[in-house]
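One rule links them: number in the working numbering = place in the sequence shown (from 1) + 698.
Even for Gly, the Cβ is constructed at its ideal location relative to N, Cα and C.
Structure, as structure tokens:
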Amino acid sequence: MTGYITKFGYKYIAIFGVLLLLSLLLGFLPLLFTAIFIFVIYFFRDPERVPYTDDELALLSPIDGKIIDISLSNFEGDEATKIIIEKSFFGVGSLRSPCDMQICDFRRRHGLFLCNRMKISEALNERVLFICKNGSLKFAMRIICGVFSRRLFIDRAQNLKASRKFGFLTSGMIIMFLPKDTKICVSTGDKLKAGELLGYFDTKDRR
């Protein structure tokens, strides 16, 4: 998944490329199909993102998006720091590993594609859950599809290096459940690009 376009967009670019050629040959709305084709290429763009730091305790943003919530929460019986990142429709959708991590469990649940601003969407929408380890430290990352998604693109891997790409999210949000002592370096409303700094794991949590 390297280059300027994510591999998850090749099929759609090919489809709209054929439609563009047909529109040019038939003289049927060529300007409209040209605009759509350009938009599809733009939507599936995949620019490189340089990680903010190579510090092993650093936690990086897994996607381009906006921080919409930072709060204390409960995840599977443990107190956790919860961060919600909303991917904008026009933002780059490539998913990246927030740190060096081993994927211990992967849970996929099929569902609806409701607007993420509806509270019920977190329970009903298409989503996946990653249970991860960084050293001895455990955290979780839930990826939830949004209203413009019809599929969640995920590459299956057991080990990922920080900022490595592993999927694509058309629209939706990512919820991260982190150890409660994680030092958070962002605020609600901040806009980030994938690979930029979210915070740092506490040294006593990672041994």
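Rank 781, 840, 868, 728 by C-alpha distance to the C-alpha of residue 792 and give the top, closest one.
Locating residue 792 in the sequence shown gives position 94, where the first residue counts as 1. Minimum Cα distance to residue 792 is reached at 868.
Helix, strand or coil for residue 835 per DSSP?
Sequence index remark: in the sequence shown, residue 835 carries index 137 (1-based). Strand at residue 835.
Same chain, Cβ closer than 7 Å to residue 747, neighbours up to 5 away in sequence not counted:
One-based indexing of the sequence shown puts residue 747 at position 49. Excluding sequence neighbours, residue 747 sits near 794, 861, 891, 892, 893.
Can you name, in chain order, every residue of its own chain whose Cβ lies under 6 Å from the Cβ of residue 888, other than the five neighbours on each side?
Within the sequence shown, residue 888 is the residue found at index 190, counting from 1. Closer than 6 Å at the Cβ level, and outside the excluded window around residue 888, lie 765.
For the segment 734-754 against the segment 770-786, do three or more pairs of beta-carbon atoms, one drawn from each stretch, fall closer than 8 Å, so that the two count as touching?
no
Secondary structure at residue 780, three-state DSSP: helix, strand or coil?
Along the sequence shown, one-based indexing puts residue 780 at 82. It is a strand residue.
Per DSSP, cross-strand counterpart(s) of residue 740:
Here the question's residue 740 lines up with position 42 in the sequence shown. Note: residue 740 sits in no beta bridge, so no partner.
DSSP state of residue 809 mapped onto helix, strand, coil:
Translated into positions along the sequence shown, residue 809 becomes position 111. DSSP, reduced to helix, strand and coil, places residue 809 outside both helices and strands of the structure shown, so it counts as coil.
Going by the CB atoms, is the gap between residue 761 and residue 852 shorter than 8 Å?
One-based indexing of the sequence shown puts residue 852 at position 154. One-based indexing of the sequence shown puts residue 761 at position 63. Cβ distance not < 8 Å, so residue 852 and residue 761 don't count as in contact.
Give me the Cβ distance between residue 797 and residue 829, rounded to the nearest whole Å; I'm assuming they're in contact under 8 Å.
Mapped onto the sequence shown, residue 797 falls at position 99. Mapped onto the sequence shown, residue 829 falls at position 131. So it is not a contact: roughly 14 Å between Cβ atoms.
Are the segment 768-778 and the segment 729-738 touching, with three or more C-beta to C-beta distances below 8 Å?
no
With a Cβ-Cβ cutoff of 8 Å, do residue 846 and residue 877 count as a contact?
For the purposes of this step, residue 846 is taken as the residue at position 148 of the sequence shown. For the purposes of this step, residue 877 is taken as the residue at position 179 of the sequence shown. For residue 846 and residue 877, no; Cβs fall outside 8 Å.
Range of the contiguous alpha helix (DSSP H) that encloses residue 870:
Residue mapping note: residue 870 aligns to position 172 of the sequence shown, counting from 1. Here residue 870 belongs to no alpha helix (DSSP H); instead the beta strand (DSSP E) covers 870-877.
Specify the secondary structure class of residue 891 as computed by DSSP and reduced to three states.
Position 193 of the sequence shown, counted from the first residue, corresponds to residue 891. Correct three-state label for residue 891: coil.
Let me know the secondary structure DSSP gives residue 707 once reduced to three states.
For the purposes of this step, residue 707 is identified with residue 9 of the sequence shown, where counting begins at 1. Three-state DSSP puts residue 707 in a helix.
CA nearest to the CA of residue 711, picked from 721, 833, 819, 743
Position 13 of the sequence shown holds residue 711. Considering only alpha carbons, the answer is 743.
Cα-Cα, which of 805, 730, 855 is closest to residue 841?
By one-based count along the sequence shown, residue 841 stands at place 143. Of 805, 730, 855, the residue nearest in Cα terms is 805.
Report the partner residues of residue 866 according to the DSSP bridge assignment.
Walking along the sequence shown from the start, residue 866 turns up at place 168. For residue 866, which the question treats as bridged, DSSP gives the partners 792, 851.
Since residue 727 is in the beta strand (DSSP E), which residue starts that stretch and which ends it?
In the sequence shown, residue 727 corresponds to position 29, counting from 1. That residue, residue 727, is in no beta strand (DSSP E); it is neither H nor E in DSSP.
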